[in-house]
Amino acid sequence: MSVIRSTVIGCGSYLPAKCLTNADLSRMVDTSDDWIVQRTGIRQRHIAAEGEMTSDLALNAARAALENAGVDAQDIDTIILATATPDYTFPATAVTVQAGLGIHHGAAFDVHAVCSGFVYALTTADAYIRSGMSKRVLVIGAETFSRILDWNDRTTCVLFGDGAGAVVVEASEGTGDIADRGVLTSHLRSDGRHKDKLYVDGGPSATQTTGHLRMEGREVFKHAVGMITDVIEDAFNETGTTADDLTWFIPHQANKRIIDASARKLGIAPEKVVTTVDRHGNTSAASIPLALDTAVRDGRVKRGDLVLLEAMGGGFTWGSVLLRW
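In my numbering, the protein residues as written are 9 to 333.
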């Protein structure tokens, strides 16, 4: 039976020029390279320049993805941008990217699911394509988390960085089995009872300020591994696959210890795990497409590979996408 699949045909990424190392941070707050690396695996992160906005990062990543896909911007009919750090309260940052690409047709909108944002956005793109509402979608994850950090709080300011990643997804015909290229299955979850464990203490309706990121680190870690494995097991059950069938596991890059613990619990071999948290820090919705683009460009991810994406973020939100490259 013929089915419509959402196939990734190109990817791209962008990192701001400024690199902030752990040594740099140790001169700003009471911390050290050893302390950060031991607890998180992070060694450096990129920070947006003054005046460099989320839309600027997103636009650079989008152009790289379009070039990699060999697609003209005018062939895009939908832009879905995942971010928790938009340029403005409104309009959506996606429309700024749309204008920057010279696109005057179709639709552009933001998705807000924090660190799970890219998984949510890619799942939304898949739904649009499978329903026939879109033929070719530009999916972006972009963040400037440095703008919402309390740089006096060593428990949070060491964790996050800025960046953007993007993919071009288009409709293709498949046979309906797991040998098809494209998105095979996706699973999304949320549980608002945990919203106070990872949040920003400001907003237009609540405080009329931007606010700063606040996190109960131990609580987030405690919930993360169980929630992540939940949606991954759903993906395996839905497709009849196992950890052994995976070529690559590309998780949200929040913390090396969470990544390692999740892989162990699921029986995913360490050599199948793509890790960039040491170089990028936690870039929220940008982390998965940044890691994906890294692995594509260095030759690890190849045509036909079975790739598992997963993320968990504030809300709590979490989700997984299983796709064949």
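Cβ coordinates follow ideal geometry from the N, Cα and C atoms, glycine included.
In the displayed model, M235 falls within a helix according to three-state DSSP.
Within the same chain, D95, T152 come within 7 Å of M61 by CB-CB distance, once the 5 residues on both sides are set aside. The beta carbon of I12 lies closer than 6 Å to those of R138, A179 in the same chain, with the five residues before and after it left out. Between the alpha carbons of H54 and S295 lies a distance of about 12 Å. Restricted to the stretch 132-200, the beta strand (DSSP E) segments that are unbroken, complete and at least 3 residues in length are 144-152, 170-182, 190-198, listed in chain order. Taking 3 residues as the shortest admissible run, the stretch 204-262 contains the following complete beta strand (DSSP E) segments, listed from N- to C-terminal end: 206-208, 221-223, 256-259.
In the displayed model, V281 falls within a strand according to three-state DSSP. In this structure, S124 sits away from G312, with a CB-CB distance that is not shorter than 8 Å. Within the model, the alpha-carbon separation for A57 versus G248 is close to 46 Å. Taking the C-beta atoms as reference points, G20 is found no nearer than 8 Å to K264.
In this model, V233 and N76 are separated by some 34 Å (Cα to Cα). Counted as a single uninterrupted DSSP element, the beta strand (DSSP E) harbouring I12 occupies residues 11-22. With contacts defined as CB atoms closer than 8 Å, L221 and I266 fail to qualify as a contacting pair. G327 is bridged by DSSP to L196, A319.
With a contact defined as Cβ atoms closer than 8 Å, S10 and E181 qualify at about 6 Å.
For the pair L146 and K205, the Cα-to-Cα distance works out to about 31 Å. Relative to the Cα of V191, the nearest Cα in the group V127, R226, S154, R162 belongs to V127. Short of 7 Å from the beta carbon of Y136, and not among the five residues preceding or following it, lie these beta carbons of its own chain, in chain order: T86, S142, V145.
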